[in-house]
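Protein chains in written order, with our numbering: chain D, 3 to 259; chain A, 97 to 222. From the three backbone atoms N, C-alpha and C, an ideal C-beta is built for every residue, glycine too. Working notes, structure below.
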Amino acid sequence: MKTQLLGGVLLLATAASAQEAISVPAATMPSPGVFIPRVVTQLIGYEDPTTGETKTHGVQNVSLDAGIAADWSVMLKFETSLNFDDRKSQHDPHLMFKHRFYRKDLGIISTERMAVYGGVEFDDNLDPFLGLVYTKIDGRWGTNVGFSWETGEVANDGPPILAGHAGADLWKVQSSVLYRLFPEDYSTTSDHAWYATVETSLPYEENGDWEWTLGPGVLYEGRRQAFEANLRIPVQQDISQRAETEWALAIGWRTLF
Amino acid sequence: MKLHMLPLPCLLFAVSCSDSKQTIETTDAPMAVDREIGDGLAQDDPTLIKATSLALHIRGMSCPKCVTNAEIQLERLPGVSGAMLDMGGGTFRIKVKPGAPVTRGNLARAIWVAGFTLVEIEELSS
């Protein structure tokens, strides 16, 4: 089995609020003038092929009062064998717009929001993507459900590893559930919270490949900083056009300026 | 096709479903605000704030970062300072400099822009 490191600097406009898991999108939005950088690093284990990729995102957030956000990302791709001569890089910028078109605050700690997002990935071609996400927070519970489509891209520096990198369009249903472990009840002195998270994802590629993954994790959120970790494991896989991922460990950090 | 057994996530899901009702009741206690929440207080209300100490009753803030977002937007208003929140009660306490040109609509707008809903302004001292 090979292990690859997917490092990420993810400055993500969608990462404004709590109860957002590490991989599943949420219908959250930073308030105007607030900048949120986010760094996500993933370690991925898989059987074949013997080459992999490392991905780094960098997204600059521009948030408008109307609830539109623009993201910009850079992906760096490099191998992570101990021989650093193997290292190589690739930049795959993303441009993403997100519009939160619905929000309703139902109680003190109760709200629901919906957002659409879309954009393009700039590699050799312009690869568009589009998604819809619903978020509900009720007391200690947070739930996100998302549905997305993205154009398939062809890995150009080795066999494809990630869903959507084997050339076929990718359809994905994702969901996450977050539960606030601490504090049980907020008070005047509450300045941080711990959450248990579970993410699930069902990507289907139009070449017939699909998998179902589950990922338990943990999220710490302070007034400005948040740290998160998640272990994603496939429950079922039927993959023939790309590598079969065996597990993925993601670690993330975000802050608020 | 591969099949992997994952008892831990399944267990977490099971726990979350069984415990939800109690959780909501304990963290989301009703407040004495006798009105529809809707979109909150009018953001174009020109009524000047005369009190120097206020309690803002807010809906939708679920996390520590939400508080920071709201603080940032409130403290951008001229003369507003010292925002402190009781997250459990959804109540922000703020101070307003005497004579500062802050309206009820300004406060409702600031909270809305931060991503939440202001449902009541309580004047604590003038």
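Open item on the list: If the criterion is Cβ atoms closer than 8 angstroms, does the pair Ala23 of chain D and Met116 of chain D meet it?
Closed with: no
Do we get a CB-CB distance below 8 angstroms when we pair Asp182 of chain A with the residues of chain D? yes
Go ahead and label Asn232 of chain D buried or exposed: buried means 16 or more other beta carbons lie within 10 angstroms of its beta carbon, across all protein chains shown.
buried
- Is the region 103-117 of chain D in contact with the region 143-162 of chain A, if contact means three or more CB pairs nearer than 8 angstroms? yes
Would you mind working out which of A:Gln169, A:Val176 and A:Val198 sits nearest Ile207 of chain A, comparing C-alpha positions? A:Gln169
Here's the rule I'm using: 16 or more other beta-carbon atoms within 10 Å means buried, otherwise exposed. How should Lys161 of chain A be labelled? buried
Would you call Asp240 of chain D buried or exposed, if buried means 16 or more other Cβ atoms sit within 10 Å of its Cβ?
exposed
Within-8 angstroms CB hit, Ser33 of chain D to chain A | yes
For chain B, check one thing: does any of its Cβ atoms lie closer than 8 angstroms to the Cβ of Ser158 of chain A?
Of the protein chains in the structure, D and A, none is chain B.
What does DSSP give as the partner residue(s) for Asp126 of chain D in the beta ladder? In the DSSP output, where bridge partners are listed per residue, Asp126 of chain D has none listed.
- Task: Measure from the C-beta of Ala28 of chain D to each C-beta in chain A and report whether the shortest distance is under 8 angstroms.
- Result: no
* Considering Val220 of chain D, what are the terminal residues of the beta strand (DSSP E) in which it resides? -> Trp212 to Gly224
*From which residue to which residue does the beta strand (DSSP E) around Leu251 of chain D run?*
Thr247 to Thr257
Bridge partners of Thr43 of chain D, per DSSP? D:Ile253
Enumerate in chain order the residues of its own chain whose CB-to-CB distance from Lys174 of chain D is below 6 angstroms, with the five nearest sequence positions on each side excluded.
Ser150 and Pro205
May I ask which residues mark the beginning and end of the alpha helix (DSSP H) holding Gly201 of chain A? Arg200 to Ala210
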